[in-house]
Structures are given as C-alpha cells and as structure tokens.
Amino acid sequence: MRLRLPSSLSAAITRRSNHRPIAPLPWPLIIGRQHRRFHTMDTHVLPLDSSDGSVLIRGGVSQRNVCGVSFTLEDSKGSLLHALRIFGESLMGGAHLTQGEGGRDNSLIACLSDKHNVNLTRIENRPSPLNTHEQMFYVHFEGQWDDGTVQSVVRELENSPEFIKGHVHRLRSSEVPWFPRRLADIDQFSKSTLDAGTDLDSDHPGFSDPEYRKRREQIVEQAAQYRSGQAIPRIDYSESEVGTWACVYDKLKTLFPDMACNEFNDALRELEAASIYSSSAIPQLQDVSDYLQRRTGFTLRPVTGLLSGRDFLNALAFRVFFSTQYIRHHSQPLYTPEPDVCHELMGHAPMLLNKDFADFSQIIGLASLGATDEDIRRLATCYWFSVEFGVLYQDGGIKAYGAGLLSSFGELQHATSPTNTKVEIRAWDPWVACRQEYPITTYQPIYFAATSLAEAKEKMLSFCESIKKPFCIRYDSEARCVVTDTAITPKPVSIKF
28 MRLRLPSSLS
38 AAITRRSNHR
48 PIAPLPWPLI
58 IGRQHRRFHT
68 MDTHVLPLDS
78 SDGSVLIRGG
88 VSQRNVCGVS
98 FTLEDSKGSL
108 LHALRIFGES
118 LMGGAHLTQG
128 EGGRDNSLIA
138 CLSDKHNVNL
148 TRIENRPSPL
158 NTHEQMFYVH
168 FEGQWDDGTV
178 QSVVRELENS
188 PEFIKGHVHR
198 LRSSEVPWFP
208 RRLADIDQFS
218 KSTLDAGTDL
228 DSDHPGFSDP
238 EYRKRREQIV
248 EQAAQYRSGQ
258 AIPRIDYSES
268 EVGTWACVYD
278 KLKTLFPDMA
288 CNEFNDALRE
298 LEAASIYSSS
308 AIPQLQDVSD
318 YLQRRTGFTL
328 RPVTGLLSGR
338 DFLNALAFRV
348 FFSTQYIRHH
358 SQPLYTPEPD
368 VCHELMGHAP
378 MLLNKDFADF
388 SQIIGLASLG
398 ATDEDIRRLA
408 TCYWFSVEFG
418 VLYQDGGIKA
428 YGAGLLSSFG
438 ELQHATSPTN
448 TKVEIRAWDP
458 WVACRQEYPI
468 TTYQPIYFAA
478 TSLAEAKEKM
488 LSFCESIKKP
498 FCIRYDSEAR
508 CVVTDTAITP
518 KPVSIKF
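Residue numbers for the sequence shown follow the numbering used here, so the first one is 28 and each next one is one higher.
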C-alpha cells in the first residue's frame, strides 16, 4: 500500500490496485517505527424502508417507532396538564410537573386518568411566534400511527377546543443515517469489511509466505461465520505464533512500569493473576471477553477485516470492541502494518477493564449513532487522540493509556520521554483535538493529556452532548439495545473506508 501524508484530516489513501480514494478509519496500526490506517472500497447498506411505520434495518429487522404531535395551548396555568391527561397514566415513569394552581397536587402522575396509558418519551415547548399568550408544544410518545390507541389520543386532542388552540399536527420523522438498534444488528457489519485477512500488500512481511497467508485465511473464515451470542472461535495458535506473541509481550512489559498509566498496569496484573495473560500463550478472545463483560460490560467480537469508521464507532455504543485474531508475521515480531491480536490484546483490552475508560469508549459510540459524516470524522479524530494515542499527567510525568502507544515499544518511549523536545503535550480538549491534523507514517508530534481518565470522560461527554441531532438516545444495558425519544427514519449510508 502506497501511503501519502494527509493535507487534511479527510485525506485519503489510494490503493495501487484500483486507485480509488477512500476515507480513513479511526484506529491506527502501530507497532515498531511504522504505523498506518486502513481503508477499503465504497459500498452501500441494503435499501431501507423510509415509511413512518416499522423501520427496516439492513436485514429486514423491524423496530417499533415513536409518534409525535404538536399543538398550541393558551399560556395559562394548568393548560398543559389538561392536554397531557389525555395520554394516560404512564408518563415518563413518574415525571413531575408544577401545575401552578393553588391547592392542587403538583404531581402529574397523581392526577392523570387511566384512559389511554400511552408512554411519553419527550416534551418540548416554544413560545408562539405570533401570539405572546400562547405556547407551542411538541409531544412524542410510543406507538405507531395505525394503532387504535394512538388514533384515539389524536382524536381527543383535536376535540378539546377548550384548551387546545387550532389544529393538532402530526410531526414528521427525522431522517438520519442508519444505525444499529440492537446487538444483533451489528452482524450486518461483517458484510461491509475489506478481507484484510487475506488481501496483503506486496510490502507486507507475510506477502511472499504461502503458509502464513493460508493460516490467516483459516482464521478469517472462522471469524466470518461468527454471529452475536455465539462463542468466539478458539484459535489453536502454533509454536511460531506463540513465539511472536512472547517477543512482543516481553519487550513491552519492560516499558510498562515506567511508561504506561497506573490503570493499565493494574489491569495487566489482574489479567495475569487470572491466568488469562502470559507470554507463554496467546489469550483467547472468548476468555478475555468473558472477563471484561463481568467487570465493565464490554465484550470482544472477532472481525474478518477492516471496518468503516462509522461501523467501528457504532459498535462501541453497545460496548462491543471488534478485534482481529491473526498475528503479525514471525519475521518481524516488533512490526505490523495492520491491527493484529498483539495490538488488540496488549493495547486495547486491558484498558477496557477500567470503568471510566469503558464509559469513555461507549460515550463516543453512542454519539456516533445517527451522526453526520462530519461528526463521525470529528469523533474519529477524538478517538485517535484518546483511545489510540491518549496520555495522562500522572505521578509527575506523562503516562500512556492509548493502545497505539501501549502496543508500540518505539512510540511508547517517544511519547513519554521527559527529554524528548520533538513532542508537544497539550491539555485534553475534544473541541481542539477534533480539529487537529496528524501524520500517519511517523510518530505523533502532538499528544493530548488529561489529568485522569475520569476527567477525559467528562470532557468527552460534554463534547458529545454538543453534537446536534433530532433525537436523544438511551442504552438499555440488559437488553443491549438503544431507544430513541423521537420518530426517526433511517436512510442508507455510504460505507467509506
């Protein structure tokens, strides 16, 4: 793969095979003195049903929708309460609204009828632009327009001229880029990957090794068959592969005590104490995933190749981290031109044992759901400067928590050296980091440092809350699904790598 330095964050890498420019992924490939980002072909998801009813998600999975109406009320005490009574008793799980009329209970739930029992998801109001004595209300609730209950609610609102002024209007659903609603939807991502397990460039150390290529094909084939809920395929790694792992493991472990953050070192010791990590065997993804899930709810998932930035970030919303299972070529154990099992398990997995870091990763993922291409780019850049290359001010020095550093013995020293004048350390600020350009063929000249993982998380949360979307989203950790508070229509997205 021929690389060129980007003139901007949207710079593309061109493959010699087809010379098609394609957009970058959010995660780098870093071990030794070279690192690259990967890209693949343009493709499209399956056509989506854009009706206001059920939403067709890639493979035909439907999701219950949300309805919305708008109406105008006289700006007087109790007018909204009268309107909301029509919806029923199950409003917002016990929401309270001050009615403002003396002698009456200010609990909205206490005085609602049991007539329709419709769950409200969102209520907004704005002053009427034409009448200073009126307020416009936008109410969203669970259901579909052809439901008898929903139709009854709308009819009763329309037949309440004593407090509703004018007509009741049905709100249109907002069109946003498709995103997964439940864990099983992530299975569709496997259809949109580059088969990096077998498609090696001529400068790859294993390009001319037929046995190595065949081995990767076997591992990739097993990953291709994986579906949510199944056991992750266990790989019987060869003696040569274990030797490569041991070389990387032992080399990096000499640097971690002084250069990795305390949270990483604590996690690595914990994984070793649990007999999951050692230099004598390559950890199995299922064992690591099970341990992570018990601790922070994160799981690992095997992947055949390279995902788009949107798909990769979307998976984080469900606390799912895509991981390769093949390992770099034995001839150059301290270098890889792509993410391999060493990068995933030595760089990423231990940090996911930390609650603040796990929350940080999911926050970025949730923000990516339904986001515009530009916001995906901004989030991916924040991911680059944190999850991949983030550092902390800790114990009087700079300590690494980003996987791109933790899995690269060369750049780990480069980033944390107190005497390296070629490095600029800036305070972690997502609003600044999202606009920062960066090289992809040399060590980073700029790193962003937080005072703690908790601070990094809080600033990232604030940044993500500033991203404008026509809906809010809630993650159900038990069902492992997401729910929106307004009606949305998914539109096909161009999967760019």
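Beta carbons: idealized from backbone N, C-alpha and C, even for Gly. Given the structure is predicted, the values throughout are model-derived calculations rather than measurements.
Assigned secondary structure, residue i (DSSP; H/G/I helix, E/B strand, else coil)
| i | result |
| --- | --- |
| His375 | helix |
| Asp285 | helix |
| Val510 | strand |
| Gly332 | coil |
| Cys94 | strand |
| Phe348 | strand |
| Arg355 | coil |
| Thr326 | strand |
| His196 | strand |
| Asn158 | coil |
| Asp226 | coil |
| Val145 | coil |
| Lys518 | strand |
| Ile191 | strand |
| Ser217 | helix |
| Ser35 | Residue confidence for Ser35 is low, a pLDDT of 29 falling below 50, so the modelled location carries little weight and cannot support an answer. |
| Ser316 | helix |
| Leu361 | coil |
| Ser413 | helix |
| Ala308 | strand |
Environment of residue i [buried if 16+ CB atoms lie within 10 Å]
| i | result |
| --- | --- |
| Trp411 | buried |
| Ser504 | exposed |
| Arg208 | buried |
| Gln245 | exposed |
| His123 | Because the pLDDT of His123 is 33, which lies under 50, any placement of that residue in the model is unreliable, and the number read from its coordinates should be weighed accordingly. Exposed: under 16 other Cβ atoms inside 10 Å. |
| His441 | buried |
| Ser350 | buried |
| Val509 | buried |
| Arg501 | exposed |
| Val459 | exposed |
| Glu438 | buried |
| Val72 | For Val72, the pLDDT reaches just 31, beneath the cut-off of 50, and the residue's location in the model is therefore unreliable, although a value from the coordinates is still provided. So Val72 ends up on the buried side. |
| Gln178 | exposed |
| Leu319 | buried |
| Pro284 | exposed |
| Leu111 | buried |
| His167 | buried |
| His370 | buried |
| Lys495 | exposed |
| Arg346 | buried |
| His194 | exposed |
| His356 | buried |
Bounding residues of the beta strand (DSSP E) (the contiguous stretch that carries residue i)
| i | result |
| --- | --- |
| Glu202 | Ser201 to Pro204 |
| Glu169 | Glu161 to Glu169 |
| Val180 | Note, Val180: premise wrong, no beta strand (DSSP E); alpha helix (DSSP H) at Gly175 to Glu185. |
| Ala427 | Gly424 to Ala427 |
| Gln421 | Val418 to Gln421 |
| Tyr502 | Ile500 to Asp503 |
N-terminal and C-terminal residue of the alpha helix (DSSP H) that residue i is part of
| i | result |
| --- | --- |
| Asp386 | Lys382 to Ser395 |
| Lys241 | Pro237 to Ala251 |
| Leu111 | Ser106 to Arg112 |
| Leu210 | No alpha helix (DSSP H) holds Leu210; DSSP gives it neither H nor E. |
| Asp402 | Asp400 to Tyr410 |
| Leu488 | Leu480 to Glu492 |
Cβ-Cβ separation, residue j to residue i (assumed contact under 8 Å), whole Å
| i | j | result |
| --- | --- | --- |
| Thr326 | Leu380 | Actually they do not touch by this definition, with Cβ atoms about 13 Å apart. |
| Asp597 | Lys518 | The requested residue 597 does not occur in the structure, where the chain is confined to residues 28 to 524. |
| Ile213 | Ser255 | 6 Å |
| Tyr428 | Glu290 | 7 Å |
| Leu406 | Ala287 | Leu406 to Ala287, Cβ: 25 Å. No contact. |
| Pro472 | Glu492 | Not confirmed; about 30 Å, so no contact. |
| Ala430 | Met378 | 7 Å |
Let me know the alpha helix (DSSP H) ranges lying completely inside the stretch 255–286, each 4 residues or longer, listed in chain order.
-> Complete alpha helix (DSSP H) runs here, min 4: 266–280 and 283–286.
At what residue ranges does the stretch 430–476 contain a whole run of the beta strand (DSSP E), taking only runs of 3 or more?
-> With a minimum length of 3 residues, the continuous beta strand (DSSP E) runs that stay inside the stretch 430–476 are 451–454.
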